[in-house]
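Asks: In our numbering, each residue carries its 1-based index in the sequence shown increased by 2.
Glycine is no exception: its CB is placed at the ideal position from the N, C-alpha and C atoms.
Bear in mind that the values here come from a model prediction, so they are computed numbers and not experimental data.
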Amino acid sequence: NTARRLSRQVRDDYAVVLRSAEKAGCAVKLKDAGIEFPDYLWAKSNLWSRCVDFSRELFEAAGRPLQAGREHKRLLVPGFDMANHDPRLAGTGRTHTILEDGSVALVTSRDYDVGQEVCI
């Protein structure tokens, strides 16, 4: 299931971080700073909660090829990370798209006033 797959992926990612730190000679810095798996998990979850998955369909519609074998690409898009999620808006439509020039756009299901919180 997805939860188990993601759990394995995060643990594998952390192992890569540790091996890379050892190879670079800075693993002791992680240890001295007290950074362990729970800290990595917290940071990764914060990062993932701010990322957006762009589907192959969106890339192709914009004339931008997606790497073979991939069905989506997860991106951290400046500005998107400021939009909060509102469960009342679930299923109201697409929240993002890729424009022909390769830039990305946030798509909302309603208009917002200046200064109002934007939710997707």
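Measuring CA to CA, which of R76, G104, Q118 is closest to A63?
Replies: As a first step, residue 63 is located in the sequence shown; it is residue number 61 there, counting from the start. Looking at the Cα atoms, G104 is the closest of the given residues.
Asks: Can you have a look at F39 and say buried or exposed, based on whether 16 or more other CB atoms are within 10 angstroms of its CB?
Replies: Residue numbering aside, residue 39 sits at position 37 when the sequence shown is read from its first letter. Answer is exposed; the Cβ neighbour count stays below 16.
Asks: Taking the straight line between their C-alpha atoms, what separation do you get for E59 and S22?
Replies: Within the sequence shown, residue 59 is the residue found at index 57, counting from 1. Within the sequence shown, residue 22 is the residue found at index 20, counting from 1. If you take the alpha carbons of E59 and S22, they lie about 34 Å apart.
Asks: Among residues of its own chain, excluding the 5 on either side of L77, which ones have a beta-carbon nearer than 7 Å to its beta-carbon?
Replies: Residue mapping note: residue 77 aligns to position 75 of the sequence shown, counting from 1. Contacts found: C53, V54, F56.
Asks: In whole angstroms, what separates the C-alpha of A85 from that of T110?
Replies: Here residue 85 refers to the residue found at position 83 of the sequence shown. Here residue 110 refers to the residue found at position 108 of the sequence shown. Spanning the two alpha carbons is a distance of roughly 10 Å.
Asks: Check whether the Cβ atoms of C121 and D88 sit closer than 8 Å, and answer yes or no.
Replies: As a working mapping, residue 121 is identified with position 119 in the sequence shown. As a working mapping, residue 88 is identified with position 86 in the sequence shown. Going by C-beta atoms, C121 is nearer than 8 Å to D88.
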